[in-house]
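Trainee:
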Amino acid sequence: MDAVTAEKTHVDAPLIQGNPTFHDVSEKISSLIEGKTPPLWFIAIGLSSSIVLLLLGSVGYLLWEGLGIWGLQNPNGWGWAIVNFVFWVGIGHAGTLISAILFLLRQKWRTSINRFAEAMTLFAVICAGLFPAIHVGRIWLIYWIFPYPTQYLSMWPNFRSPLLWDAFAVGTYFTVSCLFWYVGLIPDLATLRDRATTKIRKVLFGIFALGWRGGNKQWKHYELAYLLLAGLSTPLVLSVHSIVSTDFAVSIIPGWHTTIFPPYFVAGAIFSGFAMVMTLGIITRKIFGLEDYITIRHLENMNKIMLLTGMMVGYAYGCEFFIAWYSGNEFERFAFINRAFGPYWWAYWSMISCNVLVPQLFWFKKLRRSIPVMFVASIFINIGMWFERFVIVITSLSRDFLPSSWDYYRPTIFDVTTFIGTFGLFLTLFLLFVRFLPVIAMAEVKGVLPQADPHHHDTH
Amino acid sequence: MSSIDGKNGKQYWRSLDQLADSPEFRQFTEREFPEGASEMTDPVTRRTFLKLMGASAALAGLTGCRRPVEKIIPYVVQPEEVIPGIPNYYATAMPFGTGAYGLVVENHEGRPTKIEGNPKHPSSLGGSNAFMQAQILGLYDPDRSQRVLHKGVSKKWSDFTAAWRELYPKFVENQGKGLAILSESFASPTMARLKAEFEAMFPQAVWATYEPVTDETLFEGIEIATGQAYQPRYHFDKADVVLSVDADFTLMESENVVNARGFIAGRRLKTEHDPMNRLYMVESMYTATGAVADHRLRLQSSQIGAFVAALAQELQAQGVPVSLDAIPVDGTAHFDKKWLEALAKDLAHAPGKCLIVAGRRQSPAVHAMVFALNTALGNIGQTVDYYPFQDVERPRLSSFTDLLAKIGNQDVNTLVMLGGNPVYDAPADMDMTRALKSLQHSIHLSSHVNETSKLAEWHLPQTHFLEAWGDVRAVDGTLSVVQPMIAPLFGAKSAIEVLSLLITGKDGRGYDLVRATWLPRLGELDFEQHWRKVLHEGVLENSAATPVVPGLNSESIRAYLQDHPIVVKSGMEIVFYASPATFDGRFANNGWLQELPDSMTKLTWDNAALMSATTAKELGVENENWVELSYRGKRLKMPVWVMPGMADKSVAVALGYGREAAGRVGDRVGFNTYRLRTSQALHFDQGLSVTKLPGTYEMACTQDHHGMDTEKLAADQIQKRLPMLIREMTLSDYQHHPDQIKRIKEHDRQIAKSLWKEPSYDEGYQWGMVIDLNACVGCNACTIACQSENNIPVVGKTEVRRGREMHWIRIDRYFTGNPEKPDDAEMVYQPVACHHCENAPCEQVCPFAATMHDKEGLNVMVYNRCVGTRYCLDNCPYKVRRFNFFNYTKATPEIVKMGMNPDVTVRFRGVMEKCTYCTQRINYTRIKVKNEFRNGTRPDQHIHDGEVVSACQQACPTQAITFGNINDPQSQVTQMKAINRDYEMLAELNIKPRTSYLAKVRNPNPELEPVAVPPTTDDDHSGGSHH
């Protein structure tokens, strides 16, 4: 099999460039773990773990003093914590989408990015889950959210509350995503176990590889399990953010009480998730020299998805406005006019610029394939999606029904440090991941190499 | 620490007295307060004032058992002894100026916890105001003085007695030459008796009376008009047309509680056929009374004299026999002549059924003219009664001026100040500090070690009226005994005890002194029986004086006006007004009052230079800008607050702020405007100049946060939205379309349909409330009553600024009209507390099921289940839920805890709270009714209508709030809900609120263009947010 054959059989560029052998793949990916730790990694984790300390300090002070240290106030019972929660949950969508839905759709290009996208999902959900936990007044009683049998409470929690649904939805999503990620890791863990030169690696990878030997039967069972988990995860991708959106949609607050929220939130989540995968992917690819594995084609495909989902959220923004006007409901109308032209206009127009205008660049093939352009664009989209949640949560609450209760929400320094702190947590976890686990699914990548399918049975 | 001395004859306390005398303990108490006070310099810590450690621990230990040893009589229940958990109610009275408010005080195990108006007292009629309600906190103020001080060194009472005994023989010998007393005004038989005794004992002594805010000009005006001074008592209920000139009679003038009651009684509408009075208001400030006026003319205070003169002319022209000649007016006042004519016509058509009242700010000349006009209109004896002064010490600024002159001439060497705080509140041109320093002896009796105490040789702690015996007269002469609810907390003495000591050189007990006064009055025969009855009722029956009809002496008015011509000057004027929070500064250390949003500005914890929007624009200033006020060579830096609707070129500043020695709460709150106030112009004056300074000052306003409402988008939206939230119409509109509001309500019910079967709530008690917007005068009594009843914490300025005030019931106030012309805006009030929606949005979203509905329709808050997601707050369309962002009650001083309601839980941080419809009162009554039924003293076990009264309802001076069982067709609340003005706010959300409102009705004169009344037309039934 040479490059000429590949050119003939694949209309698109090959998924993996440089035409590596199976061994090359194992060598390349495993070297990231087995090689000497790059000094840059130490600097990076030093930085990110200091930010984790900032998070711990902020949360510690919060627990000591109470929620008053945040900018919350009377009409704005929810503030940055909920904005950040929705933001992180949204980011946590790309991983499972790539793993599960693209897997079911037989999108083979996913193999280069699914591993770290899934990892990113888990870390994002960890960051997200932190917020609802610490944003309650009496955190030491947070476990009451679970319907466990107890005489103390003498009754069940309120199953009508979307916050309860949230706890289940996010909890389920995290569990299934974790399993999915781990199951996907098993063959690679076995590879690492087999290559291990130190005792500790041998033992740890040995334990977590669950005795994987790569036998035919094992592969058969493994692939079935993976398929089932993919099937299980697929509805979750849609359900988690739909349920998160009901936190707002079920309420009666103008600007929240909207039936478009579930699809709109899911689209937004995928949009932001891909943007984050893009940001991290470009960095990882550059630092670890994975250009052959995460190719321009992968990136371009992701850009196409961002273009699509970006337009979906753009449509949702427009639709909300139209329906607010069409409803004839004065409160609803004002909620939206106030978003665009009220005191938070800057947040609204930041959101529109980042989420609707920036992705339009991807109509142009040249821009869509330009690494600097897509890197900057992905960062803008991340910012824009944070502002989207800010606009929804803050503007709607700050001016609701009675003008007497209107107020202007301002975050405090502790809101900011807590949010920045979660980035520290996210990056720290990610850095640990890239150092100790295979960033790219070796087994899967091998599966899409041309030599894995010498008879071209499975051309797409 | 002689506070707990052996006078009560209980060994237990004596032993603690020994503890109190130990050096460690002394050091502890002495160190405690300056330290606490210094914490208040940092504004951030002010919010935590309740957290600061307060009274000494030893005192706290004593707090359980401080019933006065003298016999006091329970008002309603007469137990053999105190039954734990069952409150007793005792009648007493609160002295205030030259009058008094009758009170009924709830006592729990000997601790007063809640104040209500005494229905039998003519000046409260069961209602109350914010000052009365807040006295509970005032009693337990941990910064109250706890010891006698001599030149700043702690002494005992016996030291002072000894010191006085040294001076006493000299004064007895020289008949009091060189001795002077400076008192506050009072209306007390015992004080009057002792004063007479004092004057008999020391005929050469000087007695001066000073208070910074009084009715002196009013009394003087009546004296000019009639030759004698009287106290007026208005019958607003009998007046069809009312003109108020600069008088905020429902909130800040004397007798405001009954004024408000009467005024609202004259405009209470059950149906569209009921008559309704009409209020014309002429004022420089925008006051709470101005807000309920049907017509309002904003005019500088200094032009109001000319306005009254012009009104006299106009009335004469319209045939009213005003016996005043053309009143000479120097200068021209600018106001709408058409307005004046229409007003005069209205007044002329209601002889004997109209009323003109002038505010205490106006000059004696204006008051004299107003008396003449009321006489001409036949109102004397009809809508206003005059009562002679009995046992009243009239405030006289001149006596104070004379006193200072005598001190300056060394004619007085010993000054005894019975209360008051002249160093702080004397006019700026009267140097009280220098006077005190030049005296040989100065003795200051005061509840706090205030600015004056710090300069006096002796400071004596004064009792709070809730802990000392005394007596008072109401304006109409009705007598009451002030009976203590608790033994003095800090070993203080009352003014009568000190005065008695001065006279006799011996300690006297207040109880004996008061009884000695009452003995001749009640008669020796059956004295005890009568005495007990007075204590029980709170008033001596039939002790009211007969009102007199004073004759008018127009000649005297003319002569006075010759000497004091009415001068109208153009230019910027400064207006001083008593703060609705601190009054003249006396309540500065009361956290409830400091945190009470002002009725008009909604500011807390501050005063500001108030000015109209037009004036602010001319000066180029906005809210929170610094300005320098300079007037008569005196300067004061203050922040600006724009008050739409004030007279242009008029700057109003509240007195009573900027205290230096008020205590941990009141120190350095706001700005001391007494520095601008001179004895030549106590109330208002021209000649102010305002200069904008760079920078801004942060203020804590509960409604117009950071001036957001001035933004056009919001302002327009508010005007669009208001007609849906606050239904308002004119009387004629109401008469023509009586069912317009009802139709909207029915329409809302029709469109708001649930997808599921709603609980029916048609059994048992179903609690509901109606608030008559037409009766609300925005006085805030309900807010403080609720705070007292429900142990609501004070959070401080920083937290209020963040939007975290905790009040369970708030008074929303909106400006209605064209946002382009803010100064023409009308104002509406709307009290808002939890609406107890049957289909409550808060309940559905709480994951912990911490807020639930009970069978009686209450939206109950289960604090123990609350984990604090604040989702309920988000989803509450009325935003009445309050969250404990911090542990606001963490270190409430022990002494303040004594005043808390033991029937209501104190909430911890992280927990949501809100109005409960006073569920503790419902349950208390339920248990009481059951017990009575079981004891056979009651035929059934139903709670009858009116047996459960919510705290806000009880406090309301105008009875704007009705609460009861809406499942009982006979109950008052059901009948109120059946009125065709009844509507539910935001009913279109299908939340089914249990609290509904009665639409506001204004009664404008058809001859005058009503100012910006929102259109209420027939097709308004589709108004609301739905189409």
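Protein chains in written order, with the working numbering: chain V, -12 to 447; chain G, 2 to 1028.
Just so you know, even glycine gets a beta-carbon here, dropped at the ideal spot from N, CA and C.
Quick caveat: nothing in here was measured; it's all calculated off a predicted structure.
Quick one: which unbroken alpha helix (DSSP H) runs of 4-plus residues sit fully inside the region 656 to 740 of chain G? Chain order, please.
Mentor: DSSP runs (the alpha helix (DSSP H)) wholly in the region 656 to 740 of chain G: 713 to 726, 732 to 737.
Trainee: Taking Gly139/G as part of the alpha helix (DSSP H), name the residues at either end of that continuous run.
Mentor: Note, Gly139/G: alpha helix (DSSP H), 136 to 140.
Trainee: In the DSSP output, which residue or residues are listed as bridge partners for Ser245/G?
Mentor: For Ser245/G, which the question treats as bridged, DSSP gives the partners Met282/G, Val358/G.
Trainee: Mind checking whether Ser245/G and Val358/G have CB atoms under 8 Å apart?
Mentor: Yes. Within cutoff.
Trainee: Would the beta-carbon of Ala546/G fall within 8 Å of that of Gly471/G?
Mentor: Not in contact: Ala546/G and Gly471/G (Cβ atoms no closer than 8 Å).
Trainee: Report buried or exposed for Met142/V, applying the criterion of at least 16 other Cβ atoms within 10 angstroms of its Cβ.
Mentor: That one is exposed.
Trainee: With DSSP collapsed to three states, give me the class of Phe258/V.
Mentor: In this structure, Phe258/V counts as helix in the three-state DSSP scheme.
Trainee: Would you decide whether Ile384/G is buried or exposed? Buried here means 16 or more other CB atoms lie within 10 Å of its CB.
Mentor: Here residue 384/G turns out to be Thr, not Ile, going by the sequence shown. That one is buried.
Trainee: Which of the three DSSP states, helix, strand or coil, is assigned to Met277/G?
Mentor: Of the three classes helix, strand and coil, the one that applies to Met277/G here is coil, per DSSP.
Trainee: Helix, strand or coil for Phe50/G per DSSP?
Mentor: Here the model assigns Phe50/G a pLDDT of 42, short of 50, so the residue's position is not dependable, and the following value carries that caveat. Helix.
Trainee: Anything in the region 390 to 406 of chain V with a Cβ closer than 8 Å to a Cβ of chain G? List those residues in chain order, please.
Mentor: Those residues of the region 390 to 406 of chain V that come within reach of chain G (Cβ to Cβ, closer than 8 Å) are Pro390, Ser391, Ser392, Trp393, Asp394, Tyr395.
Trainee: Using a Cβ-Cβ distance under 8 Å, would Asn791/G count as near chain V?
Mentor: Chain V contact via Cβ: absent.
Trainee: Give a yes or no on whether the minimum CB-CB distance between Tyr872/G and chain V is below 8 Å.
Mentor: Chain V, which has a Cβ nearer than 8 Å to the Cβ of Tyr872/G, makes this yes.
Trainee: Between the region 103 to 120 of chain G and chain V, which residues of the former have a C-beta closer than 7 Å to a C-beta of the latter?
Mentor: Cβ contacts with chain V come from no residue of the region 103 to 120 of chain G.
Trainee: Please list, in chain order, all residues of the same chain as Ala1110/G whose beta carbon is under 7 Å from its beta carbon, the five residues on each side excluded.
Mentor: The structure shown does not extend to residue 1110/G, since chain G spans only 2 to 1028, so no value can be given for it.
Trainee: My understanding is that Val628/G touches Val643/G, with C-beta atoms under 8 Å, so please give their C-beta distance in whole angstroms.
Mentor: That belief does not hold up - the Cβ atoms of Val628/G and Val643/G are roughly 12 Å apart, past 8 Å.
Trainee: DSSP on Pro96/G, reduced to helix/strand/coil?
Mentor: Looking at Pro96/G - three-state DSSP - the assignment turns out to be strand.
Trainee: On the criterion of 16 or more Cβ atoms from any shown chain inside 10 Å, does Ala614/G qualify as buried, or is it exposed?
Mentor: When all chains shown are included, Ala614/G counts as buried.
Trainee: With a CB to CB cut of under 6 Å and the five nearest residues on each side skipped, what residues in its chain are close to Ser324/G?
Mentor: Ser555, listed in sequence order.
Trainee: From which residue to which residue does the beta strand (DSSP E) around Leu298/G run?
Mentor: Looking at the DSSP string, the run of the beta strand (DSSP E) that includes Leu298/G is 296 to 299.
Trainee: Please report how far the alpha carbon of Gly37/G lies from the alpha carbon of Tyr984/G, in whole angstroms.
Mentor: With a pLDDT of only 38 at Gly37/G, under the threshold of 50, the placement of this residue in the model should not be trusted; the figure read from the coordinates follows. Computed Cα separation, rounded: 49 Å.
Trainee: Mark Ile30/V as exposed unless 16 or more other C-beta atoms lie within 10 angstroms of its C-beta, in which case mark it buried.
Mentor: So Ile30/V counts as exposed.
Trainee: Roughly how many angstroms separate the alpha carbons of Glu185/G and Phe118/V, rounded to a whole number?
Mentor: Cα to Cα, Glu185/G sits roughly 59 Å from Phe118/V.
Trainee: Helix, strand or coil for Met1/G per DSSP?
Mentor: Outside the shown range of chain G (2 to 1028) lies residue 1/G, about which nothing can therefore be said.
Trainee: Counting only C-beta atoms, is Pro437/V closer than 8 Å to chain G at any point?
Mentor: It does not; no Cβ of chain G falls within 8 Å.
Trainee: For Tyr130/V, count neighbouring C-beta atoms within 10 Å of its own C-beta (all shown protein chains included) and say buried if the count is 16 or more, exposed if not.
Mentor: Exposed, because fewer than 16 other Cβ atoms sit within 10 Å of the Cβ of Tyr130/V.
Trainee: Less than 8 Å between the CB atoms is what I'm expecting for Asp430/G and Tyr675/G, so what's the real figure, rounded?
Mentor: Incorrect: roughly 11 Å between the Cβ atoms, too far for contact.
Trainee: Per DSSP, what kind of secondary structure is Asp43/G in: helix, strand or coil?
Mentor: Note that Asp43/G scores a pLDDT of 43, beneath 50, so its modelled location is shaky and nothing firm can be said.
Trainee: State the Cα-Cα distance for the pair Met647/G and Glu839/G, rounded to the nearest angstrom.
Mentor: Rounded to whole angstroms, Met647/G to Glu839/G spans 42 Å at the Cα level.
Trainee: Helix, strand or coil: how does DSSP classify Pro35/G here?
Mentor: Annotation note: pLDDT 39 at Pro35/G (below 50); position unreliable, coordinate value reported separately. Here Pro35/G sits in helix by DSSP.
Trainee: Between which two residues does the beta strand (DSSP E) harbouring His854/G extend?
Mentor: 852 to 854 is the span of the beta strand (DSSP E), which, as asked, contains His854/G.
Trainee: In the DSSP assignment, find the unbroken alpha helix (DSSP H) run with Lys352/V in it and report its ends.
Mentor: Taken as a continuous stretch (DSSP letters only), the alpha helix (DSSP H) holding Lys352/V covers 352 to 355.
Trainee: If you count every other CB in all the chains shown that lies within 10 Å of the CB of Trp127/V, and 16 or more means buried, which is it?
Mentor: Flag for Trp127/V reads exposed.
Trainee: Which ranges would you report for the beta strand (DSSP E) in the region 609 to 637 of chain G if only whole runs of at least 3 residues count?
Mentor: Counting only runs of 3 or more, we get 610 to 612, 626 to 632.
Trainee: Here's a check: name, in chain order, each residue in its chain whose Cβ is nearer than 8 Å to the Cβ of Glu712/G, leaving out the five neighbours to either side.
Mentor: Excluding residues within five positions, none has a Cβ falling inside 8 Å.
Trainee: Please report the residue range of the beta strand (DSSP E) in which Glu342/G lies.
Mentor: Here Glu342/G belongs to no beta strand (DSSP E); instead the alpha helix (DSSP H) covers 338 to 349.
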